[in-house]
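Quick note: the sequence shown uses the numbering used here, first residue 104, plus one each step. Idealized CB from N, CA, C, for every residue including glycine. Shown next, in structure tokens, is the structure this report addresses.
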Amino acid sequence: MQKNSTMTVRTRMAPSPTGELHVGGMATLLKNYAWAKKHGGQFVLRIEDTDKEREVKGAIDKILRVIGDYGLAWDEGPEKGGPYGPYIQSERLDLYRKHAEALVKAGKAYHCFCSKERLEKLREEQRTAHQPPKYDKHCRHLSVDEVARKLAAGEVSVIRLKVPANTQVVFQDLLRGEIRIASSEIDDQVLLKSDGYPTYHLGVVVDDHLMKITDVIRGEEWISSAPKHVLLYDAFGWEKPVFAHLPIFLNPDGKGKMSKRKGVVSARSFLDRGYLPEAMLNFLMILGWAKKDQQEVMSLDEYIQEFDPKAVSLKSAAFDLKKLNWLNGVYIRQLPLPALKKRLQPFLPADFPVDKLDAILPLVVERLVTLAEIEALTSFFYRLPTMDAQALLQKADPQLVTDQLAQTVAGLEKLTAWTHQSVEKVIRSLQEEHQWHKGQYFMMLRLAVTGKKATPPLFETITVLGQQETTVRLKRASAALG
Ligand code: GLU
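This is how it looks when you write it as structure tokens:
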């Protein structure tokens with residue numbers, strides 16, 4: 104379709120409710136969203152629920168929710184409505200039937216009465232002969248009278264497209280240029296099933312046309328369906344939309360297509376694992392596409408300004424988790440503390456001392472990669488860490504460490520004001536007075552108090568932990584040494 108300046112750009116995302124939206128689906132959705140917004144057009148959401156066998160209960164709701172949770176919204180679609188609704192295909196069955204029958208009337212499609220058994224036998228023969236599975240056009244040549252007679256007798260039928268013989272199906276893909284395929288390669292596909300439901304092909308073409316979609320941006324797994332759609336547009340005499348088929352993502356190691364196994368690659372699962380939606384969106388923006396200035400951190404508005412599906416790389420991008428982690432850290436540290444606290448709420452364990460959150464958070468924010476890590480990074484503040492006596496004896500003998508612990512306890516117990524400064528003064532003075540090896544002494548204290556080698560700065564940690572808890576832990580370490 105040639106676009107002119109007065110034409111609105113309308114894009115769509117058309118998920119099937121077979122489960123949670125895949126993260127790759129979210130990337131496709133984002134591109135459709137951005138392309139419509141860039142032109143001041145509309146982004147449409149349509150639910151393609153015509154394959155009742157594959158439908159998963161509750162999936163529609165999950166799809167709708169996750170889009171909102173990623174901070175995106177549709178202009179027309181379920182719950183919101185719009186001028187071309189309903190936007191759920193199972194509520195549009197009459198439309199598909201009407202259109203399929205119109206094609207039959209026009210001689211572009213036909214009723215097929217072949218039984219399941221006959222089709223299965225045919226497929227079996229083709230398998231044995233190493234031929235691709237294809238309908239043998241058995242019913243294509245039934246006479247009008249015969250069809251009428253069978254229909255009147257109540258014989259079950261489907262409607263198939265009459266694919267024209269000996270022509271070339273030609274269309275433009277925005278990323279690949281011209282694609283050409285001989286019509287002889289294309290099956291007389293079913294358009295309307297015997298249960299009255301359309302197939303994906305009929306549903307998608309009728310709806311994209313009736314919903315005035317101008318640009319179909321979707322995953323490359325649909326490219327083999329595109330010639331069938333082109334034939335359908337031609338059969339109806341409709342103008343075709345622009346097609347852009349986007350490459351799929353590869354696994355983080357660059358090997359193989361990202362798989363949906365165990366739902367770990369659903370868009371939702373990343374939020375559950377503590378990735379911020381805005382970091383996810385930013386990550387999906389730069390997978391296989393780059394801003395002209397190569398700047399990787401960008402807002403949704405900046406993306407909308409610059410995104411062009413033509414500039415998406417045809418080479419499949421690896422789902423680079425390192426980059427995602429880095430971006431998530433960038434976005435976490437951009438959040439003002441009150442906002443970060445709010446985002447952390449669902450990730451705080453039940454025993455987290457909420458009254459200490461303000462004190463603890465600044466100590467760990469630098470090392471927070473995902474929100475879900477809050478527990479691992481802070482648990483020693485509110486749970487007694489496991490004690491490894493052996494680890495306390497690095498670069499020192501038991502006598503020295505026991506002495507260091509005893510003196511530190513004594514010094515800290517004397518404090519009447521428990522502040523960062525007073526704690527630091529006690530510990531530094533002891534170290535200087537006894538000429539203890541600084542690295543050894545501080546690391547030993549860190550391990551005794553937190554059970555970990557890497558923690559926030561020692562004095563801050565001890566200050567937040569409190570006088571009583573610190574001394575209890577130091578005494579416990581001493582006891583562990585025997
Ligand atoms: N219902 C298809 C899906 O599940 C839509 C494909 C398309 O965008 O045409 O992804």
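Helix, strand or coil at residue i [DSSP, three-state]
{"i": "Y213", "result": "strand"}
{"i": "P301", "result": "strand"}
{"i": "E288", "result": "helix"}
{"i": "G184", "result": "strand"}
{"i": "G569", "result": "coil"}
{"i": "F455", "result": "coil"}
{"i": "A421", "result": "strand"}
{"i": "D276", "result": "strand"}
{"i": "K237", "result": "coil"}
{"i": "S416", "result": "coil"}
{"i": "K141", "result": "helix"}
{"i": "K426", "result": "helix"}
{"i": "Q397", "result": "coil"}
{"i": "T121", "result": "coil"}
{"i": "S369", "result": "strand"}
{"i": "E179", "result": "strand"}
{"i": "K201", "result": "helix"}
{"i": "E223", "result": "helix"}
{"i": "P465", "result": "helix"}
Proximity of residue i and residue j at Cβ, strictly below 8 Å
{"i": "S419", "j": "L353", "result": "yes"}
{"i": "K331", "j": "I289", "result": "yes"}
{"i": "V319", "j": "P344", "result": "yes"}
{"i": "E179", "j": "Q145", "result": "yes"}
{"i": "A492", "j": "A583", "result": "yes"}
{"i": "L335", "j": "V308", "result": "yes"}
{"i": "P570", "j": "L518", "result": "First, the amino acid is wrong: residue 570 is Gln here, not Pro. In contact: Q570 and L518 (Cβ atoms closer than 8 Å)."}
{"i": "L515", "j": "V526", "result": "yes"}
{"i": "V467", "j": "P559", "result": "yes"}
{"i": "S286", "j": "V273", "result": "no"}
{"i": "H312", "j": "I326", "result": "no"}
{"i": "A212", "j": "L264", "result": "yes"}
{"i": "L430", "j": "A382", "result": "yes"}
{"i": "L277", "j": "P355", "result": "no"}
For residue j and residue i, the rounded distance between their alpha carbons
{"i": "C242", "j": "H214", "result": "7 Å"}
{"i": "E536", "j": "S482", "result": "33 Å"}
{"i": "I477", "j": "E409", "result": "35 Å"}
{"i": "P439", "j": "N385", "result": "19 Å"}
{"i": "M490", "j": "F373", "result": "34 Å"}
{"i": "G446", "j": "L474", "result": "Here residue 446 turns out to be Arg, not Gly, going by the sequence shown. Near 8 Å, if we compare the C-alpha coordinates of L474 and R446."}
{"i": "D458", "j": "L577", "result": "24 Å"}
{"i": "R321", "j": "H202", "result": "24 Å"}
{"i": "P236", "j": "I191", "result": "31 Å"}
{"i": "I565", "j": "R376", "result": "29 Å"}
{"i": "L417", "j": "A329", "result": "17 Å"}
{"i": "T131", "j": "D337", "result": "26 Å"}
{"i": "V169", "j": "G299", "result": "31 Å"}
{"i": "S581", "j": "K528", "result": "22 Å"}
{"i": "A139", "j": "G185", "result": "16 Å"}
{"i": "V448", "j": "A442", "result": "This sequence places Gln at residue 448; Val is not what is there. Rounded to whole angstroms, Q448 to A442 spans 10 Å at the Cα level."}
{"i": "T252", "j": "L245", "result": "Looking at the sequence itself, residue 252 is Arg, so the reference to Thr does not match. One C-alpha to the other measures close to 11 Å."}
{"i": "L305", "j": "S369", "result": "27 Å"}
{"i": "G366", "j": "D404", "result": "Residue confidence for G366 is low, a pLDDT of 45 falling below 50, so the modelled location carries little weight; the figure read from the coordinates is stated next. Cα-Cα distance, rounded: 30 Å."}
{"i": "S119", "j": "L167", "result": "12 Å"}
{"i": "P412", "j": "V112", "result": "13 Å"}
{"i": "M546", "j": "Y378", "result": "32 Å"}
{"i": "A462", "j": "L480", "result": "14 Å"}
{"i": "I282", "j": "E469", "result": "50 Å"}
{"i": "K589", "j": "G143", "result": "Here the chain covers residues 104 to 585 and nothing more, so residue 589 does not appear."}
{"i": "F455", "j": "T522", "result": "22 Å"}
{"i": "L451", "j": "I435", "result": "16 Å"}
{"i": "P501", "j": "R579", "result": "14 Å"}
Cross-strand partners of residue i (DSSP beta bridge)
{"i": "F146", "result": "T114"}
{"i": "V261", "result": "C215"}
{"i": "V250", "result": "Paired residue(s): none; V250 is not in a bridge."}
{"i": "L295", "result": "I262, P301"}
{"i": "S581", "result": "In the DSSP output, where bridge partners are listed per residue, S581 has none listed."}
{"i": "R283", "result": "V273"}
{"i": "I191", "result": "I150"}
{"i": "K360", "result": "L353"}
Proximity test, Cβ basis, 8 Å: residue i and chain C
{"i": "G357", "result": "No chain C appears in the structure shown, which is made up of a single protein chain."}
Along the chain, which unbroken stretches of the alpha helix (DSSP H) at least 4 residues long are found entirely within the stretch 472-509? 477-485, 492-495
Which residue spans inside the stretch 299-357 form an unbroken beta strand (DSSP E) run of at least 3? 318-322, 345-349
Taking only runs of the alpha helix (DSSP H) that begin and end inside the stretch 527-579, which ones reach a length of at least 4 residues, in chain order? 541-553, 561-568
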